[in-house]
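These protein sequence lines map, in sequence, to chains A and B. Under UniProt numbering, the first residue of the first sequence carries the number 1, and numbering increases by one thereafter. Under UniProt numbering, the first residue of the second sequence carries the number 1, and numbering increases by one thereafter. For every residue, glycine included, the Cβ atom is placed at its ideal position computed from N, Cα and C.
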Amino acid sequence: MSVTYVDAIRDAQEKLLRDDPRVFLYGQDISKFGGAFKATKGLAEAFPGRVLDSPISEDAMIGMAVGAAIEGMRPIVEMQFADFSSIAFNQIVNQAATHFYRTGVPVPLTVRLPSGGTPGSGPFHSQSMEALYAHYPGLVVVTPATVSDAYHMLIESVELDDPVVYCEHKFLYRWLKAPRINGDNLPIGRARITRPGKHATVVTYSAMVHEAVRAAERLKEEGSWEIEVVDLRSVKPLDIDTVLASVARTGRLLALGEAFPWGGVTAEVVARVCADGFHLLDAPPKRLNSRDTPVPYHPKLWAAHRPTPESICIALRELLNF
Amino acid sequence: MLRSRLLENKLSSLYKAGKIVGGVYLGKGQEAVSASLGASLIKGRDIFAALIRDQAGRTAFGEPLIDCTRTYLGSVLGPMKGRDGNIHRGRPLDGMPAMISHLGAEVSVVAGMLVARRLKGELQGVVGATCVGDGATSTGAFHEGLNMAAVENLPMVVIVGNNQFAYSTPTDRQYACEDLVERAKGYGVGGHSVDGTDMLACTKVIGRAVQLAREGGGPQMVVARLLRLTGHGEHDDGSYVPQTLKAGHLGRDCLDVGEAQMVENGYASAEEVERWKTEFADEVQAAVAQAQQEPVPDPWHEVWHACSTQTGRGL
Ligand SMILES: Cc1ncc(C[n+]2csc(CCOP(=O)(O)OP(=O)(O)O)c2C)c(N)n1
């Protein structure tokens with residue numbers, strides 16, 4: 001028996017519903033149908049009245065969750081695709097994110113965003129929104145890359161008293177499997193060294209962790225390069241200590257992300273390393289993101305739009321040869 | 001209607017054979033509504049913002065079949081060049097805006113196109129139309145867009161295809177009024193109801209709504225009752241649709257109804273209808289064959305620019 005990434009998300013929600021009567025789920029097609037990606041399969045039957053189909057009203061969905069959270073509930077809202085959360089942007093960044101600061105009353109809600117691209121999904125079903133939300137004070141933004149993290153971080157997100165934007169990657173849903181959910185969970189806000197190395201550090205998160213590991217394996221075969229891969233796990237808070245400690249070991253930094261290149265998580269990582277760890281660097285830090293166009297529809301264009309093991313290797317070779 | 005059904009049947013089998021780029025979303029059971037709208041509009045003058053199930057309306061409005069097959073088969077010669085796909089395709093300068101996935105978003109865009117025509121002094125005799133589903137009527141974009149169209153008194157027609165489900169969600173989880181047409185009054189727009197399985201009724205009611213808008217009657221909303229006779233997309237078997245609904249009046253196929261109505265009313269003979277079937281099947285086959293032999297997008301030749309203005313400074 002193995003557990004997929006989407007199973008882990010489902011199982012975490014099952015545990016949350018079972019253990020905490022304050023938890024309820026709200027989203028489009030999530031009840032009997034089990035959600036567009038089956039992340040809530042069987043939960044409506046097991047927890048009657050607590051897994052509800054919402055109208056197609058993203059703004060009202062988050063507004064409702066804010067209200068319920070103020071009243072002491074722990075809502076989990078599923079966006080059918082991360083891209084549609086743009087409609088709820090006002091409620092997320094102005095209502096939920098500012099609430100505790102303004103009133104002292106916390107808003108413990110979790111928004112699940114099926115994020116990132118898959119072949120043939122096009123510009124409106126592929127976006128990575130983590131940087132937008134991370135920009136706003138008052139939100140926690142998590143980006144699990146492993147099956148066990150998907151499970152533990154969802155549970156921790158719901159337990160947190162703050163609004164959490166939980167970015168789950170669609171490409172990993174069924175592709176990523178683990179024999180079981182393991183107990184090596186770290187708290188939100190701590191990065192993980194996915195693969196140790198000594199010649200260069202790749203700092204990344206979500207599905208790009210796996211592309212970075214592939215690139216690292218190739219470079220090991222090619223030239224015995226030892227590339228360290230750091231999985232941020234949460235982009236806000238951002239564990240700069242682990243990043244700096246890694247750069248101290250390797251002297252070289254590549255910040256890698258699937259989101260658009262302007263600003264964003266990779267820019268933040270580079271800026272902080274330059275500010276706090278300039279003396280650790282043996283080469284100018286590099287960034288690699290998707291291209292600066294909307295996410296294209298055709299699988300051939302899509303594959304060239306996001307970073308791939310090939311493009312990561314090219315960036316790393318430039319970094320290693322500086 | 002018929003041409004579109006044959007095209008979509010072909011698309012479905014190509015999808016099942018793994019030949020299609022991306023998902024396939026069919027309009028089976030909604031063709032009478034869609035085609036009635038497309039046929040009531042004038043290509044080259046009017047504006048038609050189609051929804052995912054509006055292949056029939058697109059075809060009736062005059063979109064060439066090849067636009068559709070090229071996009072589905074990933075030909076670089078299609079209107080979207082592989083950058084966006086299938087149901088999102090359009091030719092905005094020809095009065096066919098390209099939709100975004102965000103439901104309800106086209107309503108205000110059509111309003112904007114009409115406002116522009118008014119500012120340019122070109123609104124006379126023009127109609128802008130768009131379609132939404134019962135699910136999309138729950139979006140803020142739909143409410144804001146329709147209200148704006150009413151405030152601006154635009155010649156606009158909004159068709160609500162109430163096909164009983166938004167993906168899997170039944171209408172009682174989508175709205176709590178008796179009938180969506182009641183809302184028209186609240187917005188201050190004309191309201192019309194129609195049995196979406198009845199082709200003649202659709203041509204009549206939708207044709208009248210378009211005419212009212214064209215003649216200065218302001219925005220019109222038509223709510224069509226029907227049942228989608230297929231899954232949400234071809235990946236979905238639609239098993240959540242109860243058998244009783246399928247077996248009832250809404251479950252009848254508008255294409256069969258339309259065919260019978262054509263023959264009964266003497267608009268066409270049974271032989272003529274049969275001849276159309278072979279003619280259209282050949283047309284579909286030719287469009288598919290042509291798109292299949294065309295090149296697909298090549299990342300090396302792709303222009304990776306999202307802005308039309310290129311300053312050389314990486315705008
Ligand atoms: C704002 C927004 N939220 C969610 C979705 C995902 N989605 C795509 S189609 C669909 C159901 C649409 O139902 P309806 O409007 O009734 O049209 P139908 O498919 O039934 O024709 C949903 C929820 C979306 N496209 N846009």
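Alpha carbon to alpha carbon, how far is residue j from residue i? Give it in angstroms, no decimals.
i, j, result
"A:Leu154", "A:Leu301", "32 Å"
"B:Arg228", "B:Thr169", "13 Å"
"A:His298", "B:His305", "16 Å"
"B:Ala150", "B:Asp134", "20 Å"
"B:Val257", "B:Ala286", "28 Å"
"A:Ile30", "A:Gly42", "10 Å"
"B:Thr278", "B:Glu271", "11 Å"
"A:His210", "A:Arg174", "14 Å"
"A:Gly67", "A:Glu58", "14 Å"
"B:Leu226", "A:Phe100", "47 Å"
"B:Phe280", "B:His249", "28 Å"
"B:Leu315", "B:Thr309", "In this predicted model, B:Leu315 has a pLDDT of only 46, less than 50, meaning its place in the structure is not dependable; the value taken from the coordinates is given anyway. When rounded, the distance between both Cα atoms is 7 Å."
"A:Val247", "A:Leu186", "21 Å"
"A:Lys177", "B:Leu114", "51 Å"
"B:His102", "B:Asp282", "35 Å"
"B:Arg208", "B:Val194", "12 Å"
"B:Leu104", "A:Gly251", "Note that residue 104 of chain B is Gly in the sequence shown here, rather than Leu. About 51 Å."
"B:Ser138", "B:Pro219", "19 Å"
"B:Arg3", "A:Gly223", "59 Å"
"B:Lys16", "A:Ser126", "23 Å"
"A:Leu52", "A:Thr201", "44 Å"
"B:Val303", "B:Leu77", "14 Å"
"B:Lys246", "B:Arg252", "8 Å"
"B:Thr197", "B:Arg5", "15 Å"
For residue i, count the other beta carbons within 10 Å of its own beta carbon; 16 or more makes it buried, fewer makes it exposed. Which is it?
i, result
"A:His305", "buried"
"A:Gln95", "buried"
"A:Asp7", "buried"
"A:Ala215", "buried"
"A:Trp225", "buried"
"B:Gln164", "buried"
"B:Cys202", "buried"
"A:Phe322", "exposed"
"A:Thr1", "According to the sequence displayed, residue 1 of chain A carries Met and not Thr. Classification of A:Met1: exposed, given that the 10 Å Cβ count is below 16."
"B:Val33", "buried"
"A:Ala275", "exposed"
"A:Tyr166", "buried"
Is there a Cβ of chain A sitting closer than 9 Å to that of residue i, yes or no?
i, result
"B:Gly121", "no"
"residue 332 of chain B", "Here chain B comprises residues numbered 1 to 315, so residue 332 of chain B is not present and cannot be evaluated."
"B:Ser168", "yes"
"B:Ala289", "no"
"B:Pro64", "no"
"B:Glu294", "no"
"B:Trp276", "no"
Within 9 Å (strictly less), CB to CB, does residue i reach chain B?
i, result
"A:Pro123", "yes"
"A:Lys236", "no"
"A:Gln95", "no"
"A:Arg22", "no"
"A:Gly263", "no"
"A:Tyr297", "yes"
"A:Gly120", "yes"
"A:Ser86", "yes"
"A:Ala65", "no"
"A:Ala82", "no"
"A:Ala303", "yes"
"A:Arg291", "yes"
"A:Asp231", "no"
Quick one: list the residues of chain D neighbouring residue i, beta-carbon separation under 7 Å, in chain order.
i, result
"B:Pro219", "No chain D is part of this structure, whose protein chains are labelled A and B."
Can you give, in chain order, each stretch of the beta strand (DSSP E) that sits fully within the stretch 58-128 of chain A and has at least 3 residues? If one requires a minimum length of 3 residues, the beta strand (DSSP E) runs lying completely within the stretch 58-128 of chain A are 74-78, 110-115, in chain order.
Note down, in chain order, all residues in the stretch 43-60 of chain A with a beta-carbon under 9 Å from any beta-carbon belonging to chain B. Leu52, Asp53, Ser54, Pro55, Ile56, Ser57, Glu58, Asp59, Ala60
At a Cβ cut of 9 Å, what residues of the stretch 244-255 of chain A count as close to chain B, listed as they run along the chain? none
Taking a Cβ distance cut-off of 7 Å, strictly less, list which residues of the stretch 114-139 of chain B are near chain A, in chain order. Gly135, Ala136, Ser138, Thr139
Using a Cβ-Cβ cutoff of 7 Å, what residues of the stretch 94-111 of chain B are near chain A? List them in chain order. Ile100, Ser101, His102, Leu103
Interface residues of the stretch 168-185 of chain B facing chain A [CB-CB below 8 Å]: Ser168, Thr169, Arg173, Gln174, Tyr175
The stretch 233-246 of chain B: positions lying closer than 7 Å to chain A by Cβ: Tyr240
Listed from N- to C-terminal order along the chain, which residues in the stretch 14-32 of chain B have their beta-carbon within a distance smaller than 7 Å of any beta-carbon of chain A? Val21, Gly22
Fully enclosed by the stretch 169-241 of chain A, which beta strand (DSSP E) runs are 3 residues long or longer? 192-195, 200-204, 227-231, 234-236
Output, in sequence order along the chain, the residues in the stretch 42-54 of chain B whose CB is closer than 8 Å to any CB in chain A. none
Restricting to runs no shorter than 4 residues, where is the alpha helix (DSSP H) found entirely within the stretch 36-111 of chain B? 55-61, 65-73
Residues, ordered as in the chain, of the stretch 170-194 of chain A that lie near chain B by beta-carbon distance below 7 Å: none
To test your reading of the DSSP string, which unbroken beta strand (DSSP E) runs of 3 or more residues are found completely within the stretch 114-143 of chain B? 128-133
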